[in-house]
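As numbered in the UniProt record's numbering, residues 1 to 181 make up the sequence shown, in order. Ideal placement from N, C-alpha and C gives every residue a C-beta, glycine not left out. None of the values given here were measured: they were computed from a predicted structure. Here the structure comes first, spelled out in structure tokens, and everything after it is commentary.
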Amino acid sequence: TTPPALSTHAEHSGLLQTGRYAEVGQLCHDFARAHPREVRCTRFGTTPQGRPMWALVASQSGALTPDAARRRGLPVTLIQGGIHAGEIEGKDAGFIALREQLTRPGALRQQVLVFVPVFNADGHERFGPWNRPNQRGPEQMGWRVTAQNLNLNRDYAKADAPEMQAMLGLVRAWDPLAIVD
Numbered sequence: 001t002t003p004p005a006l007s008t009h010a011e012h013s014g015l016l017q018t019g020r021y022a023e024v025g026q027l028c029h030d031f032a033r034a035h036p037r038e039v040r041c042t043r044f045g046t047t048p049q050g051r052p053m054w055a056l057v058a059s060q061s062g063a064l065t066p067d068a069a070r071r072r073g074l075p076v077t078l079i080q081g082g083i084h085a086g087e088i089e090g091k092d093a094g095f096i097a098l099r100e101q102l103t104r105p106g107a108l109r110q111q112v113l114v115f116v117p118v119f120n121a122d123g124h125e126r127f128g129p130w131n132r133p134n135q136r137g138p139e140q141m142g143w144r145v146t147a148q149n150l151n152l153n154r155d156y157a158k159a160d161a162p163e164m165q166a167m168l169g170l171v172r173a174w175d176p177l178a179i180v181d
């Protein structure tokens, strides 16, 4: 069978548009199928509106679980995109960067990358052209807050949002050396 293309709707549109949330799940699974020894697609939570929360775990060391990373002493970097789904470039750039890293021998041999393309999945699907009127692109984008009207970047300490509770569970499991937003 032909491996999946692993390219995003954003790339196909010349970076004028961003894909819908279904693309995140599709790409997560496509990356895992194309790189079965180097990528695992994992669901780490569910949003209030029932959407799966996806993370891609990538390492050329074969350490695709928290225990394997700890046993090998590998540093873990967690990258989250889409905490504000109107500012969605991290999702698309993250998929492009991951694809490029997987084609470079050894780029991910001494580390584990955990990539959450869209943290605010429910906000992502509140798609519209006027959600961020002073922002240049994409043509349509999601909403800043969650379905419960919570701003995730202000929820780390109190963890009111189910999305934040899921993210904190992911952080506890992987114990990353660095978190990139």
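The closest CA to that of His-35, considering only Thr-8, Thr-46, Leu-64 and Trp-54, is found on Leu-64.
By the neighbour-count definition (other C-beta atoms within 10 Å, threshold 16), Gly-73 is an exposed residue. When C-alpha distances from Phe-44 are compared across Gly-128, Val-118 and Asn-153, the shortest belongs to Val-118.
When C-alpha distances from Glu-38 are compared across Gly-62, Gly-25 and Gln-17, the shortest belongs to Gly-62.
According to DSSP, Pro-48 shares a beta bridge with no other residue. Residue environment: His-124 is assigned as buried (16 or more neighbouring CB atoms within 10 Å of its CB, all protein chains considered). In this structure, the straight-line span from the alpha carbon of Lys-158 to that of Glu-89 is close to 27 Å. Per DSSP, the beta-bridge partners of Thr-77 are Leu-113 and Ala-178. Contact annotation, Gln-60 with Gly-106: C-beta distance approximately 7 Å; criterion of less than 8 Å satisfied. Put simply, of Pro-176, Trp-143 and Ser-7 the residue whose alpha carbon is nearest the alpha carbon of Pro-66 is Pro-176. In this structure, Met-167 is the residue among Met-167, Leu-15 and Val-145 with its C-alpha nearest to the C-alpha of Val-114. Cβ-Cβ separation between Asp-155 and Ala-161: approximately 5 Å, consistent with a contact (criterion under 8 Å). Cβ atoms of Arg-20 and Gly-86 stay farther apart than 8 Å, at about 14 Å. Excluding five sequence positions before and after Asn-151, the CB atoms of its chain that fall closer than 6 Å to its own CB belong to Val-145, given in chain order.
Sixteen is the threshold: when 16 or more other Cβ atoms of the shown chains lie within 10 Å of the Cβ of Arg-51, as they do, the residue is buried. Here Asp-181 has Gln-80 and Ile-83 as same chain residues with Cβ atoms under 7 Å from its own Cβ, once five neighbours each way along the sequence are excluded.
When secondary structure is reduced to three states using DSSP, Ala-55 falls in the strand class. By the Cβ neighbour-count rule, Gly-142 is buried, with 16 or more other Cβ atoms within 10 Å of its own. Remark: C-beta atoms of Leu-56 and Cys-28 approach each other more closely than 8 Å.
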